[in-house]
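These notes are about the structure you will find just below.
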Amino acid sequence: KVFPALVSCVRTDGTIYIIPKSFETEINKMSTEIQRNFKCRDLLEPHCWKRGEACLVRKEDNVWHRGQVVEISSNALEVQFVDIGCIAKFPPRDLYPTTLYTDIPPFCIPCQLHKAAPIGNVWQPEALHCLQDLLLTDEAVDVHVQELPDNPWGKLSISLYFSEISVASFMAYQKYCIAEDPQDLLQLMLEQHDLVRSSYELPPLPIPGAFLPVKVTHLVSPNEVYVSLDLCKHLCKPPATEGDASAEEQWESLKEALKWCSENVELIPLLKHFQTDMPCLAEYHDGLWYRAKIISVEKSSPLQILIQFVDYGNFLIVSASSLRQMPYEVLKFPVEAAQVLLAGFKPPLKDKSTRRIPYAPQWSEEALWAMIECVEGKQLLACILALSPEITISLYDDEKNLVHMKLIELGLADLHE
Numbered sequence: 001k002v003f004p005a006l007v008s009c010v011r012t013d014g015t016i017y018i019i020p021k022s023f024e025t026e027i028n029k030m031s032t033e034i035q036r037n038f039k040c041r042d043l044l045e046p047h048c049w050k051r052g053e054a055c056l057v058r059k060e061d062n063v064w065h066r067g068q069v070v071e072i073s074s075n076a077l078e079v080q081f082v083d084i085g086c087i088a089k090f091p092p093r094d095l096y097p098t099t100l101y102t103d104i105p106p107f108c109i110p111c112q113l114h115k116a117a118p119i120g121n122v123w124q125p126e127a128l129h130c131l132q133d134l135l136l137t138d139e140a141v142d143v144h145v146q147e148l149p150d151n152p153w154g155k156l157s158i159s160l161y162f163s164e165i166s167v168a169s170f171m172a173y174q175k176y177c178i179a180e181d182p183q184d185l186l187q188l189m190l191e192q193h194d195l196v197r198s199s200y201e202l203p204p205l206p207i208p209g210a211f212l213p214v215k216v217t218h219l220v221s222p223n224e225v226y227v228s229l230d231l232c233k234h235l236c237k238p239p240a241t242e243g244d245a246s247a248e249e250q251w252e253s254l255k256e257a258l259k260w261c262s263e264n265v266e267l268i269p270l271l272k273h274f275q276t277d278m279p280c281l282a283e284y285h286d287g288l289w290y291r292a293k294i295i296s297v298e299k300s301s302p303l304q305i306l307i308q309f310v311d312y313g314n315f316l317i318v319s320a321s322s323l324r325q326m327p328y329e330v331l332k333f334p335v336e337a338a339q340v341l342l343a344g345f346k347p348p349l350k351d352k353s354t355r356r357i358p359y360a361p362q363w364s365e366e367a368l369w370a371m372i373e374c375v376e377g378k379q380l381l382a383c384i385l386a387l388s389p390e391i392t393i394s395l396y397d398d399e400k401n402l403v404h405m406k407l408i409e410l411g412l413a414d415l416h417e
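Mind the numbering: the sequence shown is residues 1 to 417 in the UniProt record's numbering, read in order.
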């Protein structure tokens, strides 16, 4: 009941056609024989086509495939590829009537996802595109047969897995369907439960008016940045848990914990579900692993996930193989970067620069680069002005000058009371 297969087609009604990997040798043998027997063969006389008639159909690559006529119009025929499942229109010149090979059953199997009900009872175009991107690859999927059809030509009810991830659960996470299978429901419930009880915490911040040393780790715009709080070690120690070894007892610091994770990453399970805000470990360009959270699934095939490194603030698109489950003892350390607004300046009223920040068009790219030059790699001092609705600070350099004054001097920002 479990076997590897390739997905050959996803129809608009949600039907998924699969070709078991065990059929590969027979398919290749038949295809070679068809090409040899029908090479350079064309239909010389007009033919009166009928619905359901068997044929060979020639694609753009000049390769013949087994087909069956499903619809007839004045200048084209709709043909279903018997061994692939898809339907396409062809001019009569690309078809050849034959009863050869009709004794060989189709190599593709029509299937449906087991107990996965599409939203609105109809697979929407976005959901179909997601399924197609996810499944129409050269990579095999694991097929778990759940129910046999009532008749030999019906749809097989299956559960599909790619990289040990349930397709039904994945589609349910993307809000494209409702998972009704108990196993998928259990996975969804467990992930939702883990998401509720497993989330990052900010360290307790000083009261407004306090000063603390910081470094800017990531800039969103000139006045919206992430600052590192790792210099305030007294704020970053995780709470001890009675009756259990705490992270503080295992590792003295988050740096030490992540060093262990990078050295023993093969012991940490891969992340199998990608719920927004889910904590995880992610591999960076330097080959080391850092704490992150899921932002969104950007692409289905190959699977590409947008994540944010919570201790720095920067974003990265990674593959599923670059994500691991979050060990709870590493999760307990408060995050070491906070998103803050910088007070005291605003976008200039008169700014003729044509190069704007796409996601923050009120600012010029020149202003962003100027701010980067002011803060990158430097030890700075932050004065907490407010903690809500957003953390707002004034940022000073090592000579206690406001860092944004450089932008004011260059005409890239205006003072803001």
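Yeah, the Cβ is synthetic: ideal placement off N, Cα and C, and Gly gets one too.
Where F170 is concerned, the enclosing alpha helix (DSSP H) starts and stops at 167-173. The residue from Q174, Y396, L407, Y312 with its alpha-carbon nearest to that of D351 is L407. Rounded to the nearest angstrom, the gap between the Cα atoms of V63 and Q35 is 7 angstroms. Across the structure, G67 and Q325 are spaced so that their CA atoms are roughly 46 angstroms apart. In the pairwise beta carbon analysis, the segment 340-347 is classified as touching the segment 380-397: at least three pairs are separated by under 8 angstroms. A direct Cα-to-Cα measurement between D142 and L258 gives close to 33 angstroms. Taking all protein chains in view, the Cβ of S322 is crowded by 16 or more other Cβ atoms within 10 Å, so the residue is classified as buried. Every unbroken stretch of the alpha helix (DSSP H) spanning 4 or more residues and falling wholly within the segment 18-86 is given here in chain order: 24-37. Of the candidates Y284, M30, V69, Q275, the residue whose Cα lies closest to the Cα of S296 is Q275. If you compare the alpha carbons of R51, V69, L229, C383 with that of N401, the shortest gap goes to C383. Bounds of the alpha helix (DSSP H) holding C130 are 125-135. Per the Cβ contact rule, the segment 98-113 is in contact with the segment 72-85 (3 or more Cβ pairs under 8 angstroms).
Judged by DSSP secondary structure, E283 falls within the beta strand (DSSP E) whose first and last residues are 279-283. The residue among C55, W49, S364, V310 with its C-alpha nearest the C-alpha of L254 is V310. In the three-state scheme derived from DSSP, where H, G and I count as helix and E and B as strand, C111 is classed as strand. For the options E53, K59, E60, the alpha carbon positioned closest to that of E71 is the one of E53. When DSSP assignments are scanned along the segment 327-351, the uninterrupted stretches of beta strand (DSSP E) that are 3 or more residues long and fall wholly within it turn out to be 337-342. Taking 8 angstroms as the cut-off, the beta carbon of V10 is found closer than this to the beta carbon of I16. If you ignore the 5 residues before and after A140, its C-beta comes within less than 7 angstroms of the C-beta of P4, A5, L6, K21, all in its own chain and listed in chain order.
Judged by DSSP secondary structure, S319 falls within the beta strand (DSSP E) whose first and last residues are 315-319.
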